[in-house]
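Inspection log for the structure reproduced underneath, given as structure tokens.
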Amino acid sequence: MKPSGLVIGAIAALSSLSCAGAVESSKMEDRARRTVPVPICIQPLERSTSGVSKVEPADYWRMVLPSFDAGSSTVDAGAQDCAGRAAFSEQELLGAEGPRAGSLPAKPDHAVVTPGPDGFRVVWLRTFEFSDGSSAGPLALVRSREGYAEVYGTGTLRSRLKTTRFSLERMGSRILVTATDEGCGEVKPGQGCETAFTVYVLGGGRLTRAAALPLDRIDYRPFPGLPGLSKYRLTATPVFQDKGMRVVEQVLVQDPNQGTVRKSDLERLFKLAPSGKLEASVPSLWTQVAGGDVAAPHSAGPALDEPKPTPPKAKPNR
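Letter 39 of the sequence shown, counting from 1, is numbered 39 in my numbering, and no numbers are missing.
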């Protein structure tokens with residue numbers, strides 16, 4: 001006996017509802033994964049006599065680099081991180097002082113730990129030192145639980161210990177780690193400087209360096225029509241939005257005799273590309289006013305190439 005059209009319609013409707021429910025459930029799970037990151041590594045933590053887990057400085061090295069030798073406070077130069085990826089790049093080794101192969105010093109007090117909301121911690125394991133006063137090493141986002149710790153993503157950072165601060169940000173559902181090196185905090189009159197701002201996007205178990213730009217920049221150079229050197233200063237304010245980052249830039253040019261001789265403002269939009277980089281809509285205002293980019297007065301490591309700007313779309317004539 002063939003089922004009636006009503007029964008067939010009911011079966012089709014139920015099948016449609018079932019599929020729709022599965023798709024919606026999958027979408028909800030995807031949204032949850034983006035909002036609450038999935039750990040790439042889980043590291044057991046020792047419990048104290050009271051039964052409560054206590055995170056020691058050496059534990060942060062062990063979380064990110066399982067081959068860390070607590071007895072000698074060293075880690076092998078060819079070590080992998082907890083996700084099985086190379087922990088140190090060749091670029092980090094170039095120009096570094098001290099050993100570059102074999103056992104590397106991994107002192108517990110060289111773990112820089114910055115607490116964030118919801119129990120997250122940004123961990124920077126300073127492994128290499130450089131003659132300019134900067135340090136380099138793995139960067140990680142972790143969180144300790146009762147009895148174990150979770151690692152959500154790893155990357156690498158070269159910066160200066162005394163002037164660098166970290167922050168956790170949100171860009172829509174994405175988690176970001178930012179590193180700000182306050183290079184202009186104690187600059188003397190007549191000296192150039194730069195405050196470097198680096199944005200890392202968490203995704204796929206990696207902290208991908210998505211953008212690097214100056215928040216403050218001072219340089220002295222000639223201004224057309226005026227004798228001597230004028231002070232050029234760039235300031236930038238980043239604001240994170242759901243789908244990218246908005247940066248408001250201002251450049252002031254000041255002459256020692258005439259005061260401010262030029263003031264310019266610009267808004268730049270950075271959108272997240274499939275490559276994981278934040279691509280700028282237009283070049284920096286600095287390149288327009290200062291007549292081209294120049295090397296920073298102090299560079300805390302190899303500079304990240306600024307993302308190539310996306311050409312603005314021409315508006316159709318109506």
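Just so you know, even glycine gets a beta-carbon here, dropped at the ideal spot from N, CA and C.
Name the residue from T287, G102, A179 and P44 whose alpha carbon lies nearest to the alpha carbon of S144. Residue numbering aside, residue 144 sits at position 144 when the sequence shown is read from its first letter. Of the listed residues, the one whose Cα sits closest to S144 is P44.
Residues bridged to D216 [DSSP beta-bridge criterion]: As a working mapping, residue 216 is identified with position 216 in the sequence shown. DSSP lists T195 and T235 as the bridge partner or partners of D216.
Would the stretch 196-209 count as touching the stretch 146-164 if we require 3 or more Cβ pairs under 8 angstroms? yes
Is it right to say P138 is buried, meaning 16 or more other beta carbons lie within 10 angstroms of its own, or is it exposed? Residue 138 sits at position 138 when you count from the first residue of the sequence shown. So P138 counts as buried.
By how many angstroms is the C-alpha of A106 removed from the C-alpha of A136? The residue you call residue 136 lines up with position 136 of the sequence shown. The residue you call residue 106 lines up with position 106 of the sequence shown. A direct Cα-Cα distance of roughly 12 angstroms separates A136 from A106.
Mind listing, in chain order, the continuous alpha helix (DSSP H) runs of no fewer than 4 residues lying wholly within the stretch 49-131? 57-64 and 90-93
Are the stretch 165-183 and the stretch 54-71 in contact at 8 angstroms, needing three or more beta carbon pairs? At 8 angstroms Cβ cutoff, the stretches do not touch.
So, are the CB atoms of L65 and A87 less than 7 angstroms apart? In the sequence shown, counting from the first residue as 1, residue 65 sits at position 65. In the sequence shown, counting from the first residue as 1, residue 87 sits at position 87. The answer is yes: Cβ separation under 7 angstroms.
Using C-beta distances below 7 angstroms, list every residue in its chain close to D255, excluding the 5 sequence neighbours before and after it, in chain order. Walking along the sequence shown from the start, residue 255 turns up at place 255. Within the same chain, D255 has close Cβ partners F223, L226, S230 and V261.
Integer Cβ distance of K271 from K243, believed to fall under 8 angstroms: Counting from one through the sequence shown, the residue named residue 271 turns up at place 271. Counting from one through the sequence shown, the residue named residue 243 turns up at place 243. Correct: roughly 7 angstroms between the Cβ atoms.
When you compare only the Cα positions, how much space is there between Y60 and S275? Locating residue 60 in the sequence shown gives position 60, counting from the first residue. Locating residue 275 in the sequence shown gives position 275, counting from the first residue. Those two C-alpha atoms are separated by around 29 angstroms.
Skipping 5 residues on each side, what residues in its chain have a beta carbon closer than 7 angstroms to that of P39? As a working note, residue 39 is residue 39 in the sequence shown. These residues qualify, in order along the chain: E150, V151 and Y152.
Using CA atoms only, rank isn't needed, just tell me which of R126, D219 and P117 is closest to P57. Stepping through the sequence shown from its first residue, residue 57 is reached at position 57. For P57, the closest C-alpha among the options R126, D219 and P117 is that of R126.
V289 in three-state terms, based on DSSP: For the purposes of this step, residue 289 is taken as residue 289 along the sequence shown, with counting starting at 1. V289 falls in the helix class under three-state DSSP.
Paired residues, beta bridge with G153 - DSSP: Within the sequence shown, residue 153 is the residue found at index 153, counting from 1. Paired residue(s): L141.
Taking buried to mean at least 16 other C-beta atoms within 10 Å of its own C-beta, is E194 buried or exposed? Residue 194 sits at position 194 when you count from the first residue of the sequence shown. Classification of E194: buried, given that the 10 Å Cβ count is 16 or more.
Which same chain residues end up closer than 8 angstroms to M63 when comparing Cβ atoms and leaving out the 5 residues on each side of it in sequence? Against the sequence shown, residue 63 aligns to sequence position 63. Result list for M63: C41, Q43, C82, V123, A140, V142, A149 and V151, in chain order.
Under 6 angstroms Cβ to Cβ from V248, same chain only, skipping five residues before and after it: list those, please. Walking along the sequence shown from the start, residue 248 turns up at place 248. Here the set comprises T237 and E267.
Rounded to a whole number of angstroms, what is the C-alpha to C-alpha distance between G320 and R217? In the structure as shown, the chain begins at 1 and stops at 318. Residue 320 is therefore absent and cannot be evaluated.
So V75 packs on L93, CB below 8 angstroms; how close in whole Å? Taking the first residue of the sequence shown as 1, we reach residue 75 at position 75. Taking the first residue of the sequence shown as 1, we reach residue 93 at position 93. The pair is not a contact, with the Cβ atoms about 14 angstroms apart (cut-off 8 angstroms).
Suppose contacts are defined by Cβ-Cβ distances below 7 angstroms. Is L157 in contact with F120 by that definition? Walking along the sequence shown from the start, residue 157 turns up at place 157. Walking along the sequence shown from the start, residue 120 turns up at place 120. No, they are not a contact pair.
Supposed close pair A290, Y220 - CB separation, criterion 8 angstroms: Position 290 of the sequence shown, counted from the first residue, corresponds to residue 290. Position 220 of the sequence shown, counted from the first residue, corresponds to residue 220. Contact doesn't hold; Cβ gap of about 11 angstroms is too wide.
Can you name the start and end residues of the beta strand (DSSP E) that V177 belongs to? To locate residue 177, count along the sequence shown from 1; it is residue 177. Taken as a continuous stretch (DSSP letters only), the beta strand (DSSP E) holding V177 covers R174 to D181.
Considering only their Cβ atoms, is the gap separating W286 from L252 smaller than 7 angstroms? Here residue 252 refers to the residue found at position 252 of the sequence shown. Here residue 286 refers to the residue found at position 286 of the sequence shown. The answer is no: Cβ separation not under 7 angstroms.
Which of helix, strand or coil does DSSP assign to K277? As a first step, residue 277 is located in the sequence shown; it is residue number 277 there, counting from the start. Residue state, collapsed to three classes: coil.
To the nearest angstrom, report how far apart P189 and G183 are at their CA atoms. Taking the sequence shown and counting its residues from 1, one reaches residue 189 at position 189. Taking the sequence shown and counting its residues from 1, one reaches residue 183 at position 183. Approximately 14 angstroms, taken between the alpha carbons.
Around the C-beta of G192, are 16 or more other C-beta atoms found within 10 angstroms, so that it is buried, or is it exposed? Residue mapping note: residue 192 aligns to position 192 of the sequence shown, counting from 1. With 16 or more other Cβ atoms within 10 Å, it is buried.
Nonlocal neighbours in the same chain, by C-beta distance under 7 angstroms from L80, ignoring five residues either side: In the sequence shown, counting from the first residue as 1, residue 80 sits at position 80. Strictly speaking, residue 80 in this sequence is Gln, with Leu absent from that position. Taken in chain order, the residues that qualify are A86 and A87.
Rounded C-alpha distance that separates Q258 from E186: For this step, residue 258 is matched to residue 258 along the sequence shown. For this step, residue 186 is matched to residue 186 along the sequence shown. Using only the alpha carbons, I get a separation of about 25 angstroms.
Whole-angstrom distance between L202 and F166, CA atom to CA atom: Mapped onto the sequence shown, residue 166 falls at position 166. Mapped onto the sequence shown, residue 202 falls at position 202. Their Cα atoms are separated by approximately 14 angstroms.
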